[in-house]
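Novice: Every letter in the sequence shown is one number past the one before it in my numbering, and letter 47, counting from 1, is 65.
Every residue, glycine too, gets a C-beta built ideally from N, C-alpha and C.
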Amino acid sequence: AIGRSCEAHSPPRRPRSREVHCFGGSASMVSGPASLLSIAAALFSQHAAAVHLEVYYGPYCPNSASYLSINVKPMLDMAIPGLVLTMLPYALDPATGVMPTPCPSRFPGTPCGVLAAPLCALQPFVSSLPHAMTPDYVSATKFAICDLVHANHGAPAFMTHTKDDIHRCAEQSDADWGAIEACLPGVTASAAYIAKMTKANERLPGGKMAPFIFVDGQFVENADPEPLWQRICRLSGPNDACDNALASGLFEANPLVAPSHTWHQWATPLFGFGGLVGAVLVLAVVRPSAKGRKKEEPADARRLMDDTEDSDGM
């Protein structure tokens, strides 16, 4: 069943190596300790100047809701120097690598059925991705995470996902509710969004569960024992934002195991009842990669809904 957008099925590929930026000029012309120190300083400055975090999440995927709430949302307010972000909902059919039709749709209980709100918030930024952590982009990403938690409200439902809930998410996130509300009735996936997601899908290893994380172009397991914020801070170099986060206890030592409840306001109703996080992580079964799997026909909205009905309890 492909009702939950928690997995990708691209053939496994070797992760791309981090891009190496070369300086102009001939190395043979550089000499002396001062020149070497200058090069070292320039390399460190360039390395610390930008860390690119990519997050492609399933809009109807409890694992994505848990991970983004615990690992991504707190980083949005940290103001880590040089951090740039690409965050988009993954709505491709994992069996074919193409967008279902129609998508977004009005079919409940499917990825396309909950795609409209995050698409309205995040799609305007597609052409400028990766995007700096500007106030408007941070608000849009916070809104998308809030909406994601409501969309994955559990069964039985501990939360709702109504237009009023979407409105409250916009208010809590300082997102542009007027623009989102006007966009919702007729939103469509733009060619730029589809192209961006298609390109990202080509980079995904097979048999992995959403969300799909890349840091500086390298695929990162979303169950990696090193917390995401620590990886970002390590790559960004010494800075007050990371030092303050560590000192304040914003993150637990392993947020996947022991999420902090001091800031986890949105996810508490979803993940705070009877260890639902653990149940979700166990139930979200990873399907095999595309390699060696029988080719499937392209999915349509009806099949998405049927598959979701077949996967009750997911």
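Just confirm the distance between the C-beta atoms of I163 and V69, as a whole number of angstroms; I'd bet it's less than 8 Å.
Specialist: At roughly 20 Å, the Cβ-Cβ gap does not stay under 8 Å, so I163 and V69 are not in contact.
Novice: Does the beta-carbon distance from W247 to A263 come in below 8 Å?
Specialist: Yes, Cβ-Cβ distance for W247 and A263 is below 8 Å.
Novice: Count the other CB atoms, across all protein chains shown, that sit within 10 Å of the CB of G100; report buried if there are 16 or more and exposed otherwise.
Specialist: Label assigned to G100: buried.
Novice: Do L133 and P107 come within 8 Å of each other at the CB atom, strictly closer than that value?
Specialist: Taking 8 Å as the Cβ cut-off, P107 and L133 qualify as a contacting pair.
Novice: Smallest Cα separation from L202: which of V73, G235, T216 and C121?
Specialist: Checking every option, the nearest Cα to that of L202 belongs to C121.
Novice: Taking the alpha-carbon positions, what's the N257 to S123 distance?
Specialist: Distance between the alpha carbons of N257 and S123: 44 Å.
Novice: The alpha helix (DSSP H) with M105 in it runs from where to where?
Specialist: Per DSSP, M105 belongs to no alpha helix (DSSP H); it is in the beta strand (DSSP E), L101 to P107.
Novice: Give me, in chain order, the residues of the same chain whose beta-carbon lies closer than 6 Å to that of C260; leave out the 5 immediate sequence neighbours on both sides.
Specialist: Within the same chain, C260 has close Cβ partners C251.
Novice: With a 10 Å radius around its C-beta and 16 neighbouring C-beta atoms as the bar for buried, classify P153 as buried or exposed.
Specialist: So P153 counts as exposed.
Novice: What number of angstroms, rounded off, separates the C-alpha of Y211 from the C-alpha of E244?
Specialist: Each residue's Cα considered, the two are about 30 Å apart.
Novice: Count the other C-beta atoms from every protein chain shown that fall within 10 angstroms of the C-beta of E189, then say buried if there are 16 or more, exposed otherwise.
Specialist: Per the 10 Å Cβ criterion, exposed.
Novice: So, for C24: in the same chain, excluding its five sequence neighbours on each side, which residues have a beta-carbon less than 6 Å away from its beta-carbon?
Specialist: Closer than 6 Å at the Cβ level, and outside the excluded window around C24, lie G76, C79, N81, M227, A228 and A302.
Novice: What residues match up with K160 in a beta bridge as DSSP calls it?
Specialist: The partner list for K160 (beta bridge, DSSP) is empty, contrary to what the question assumes.
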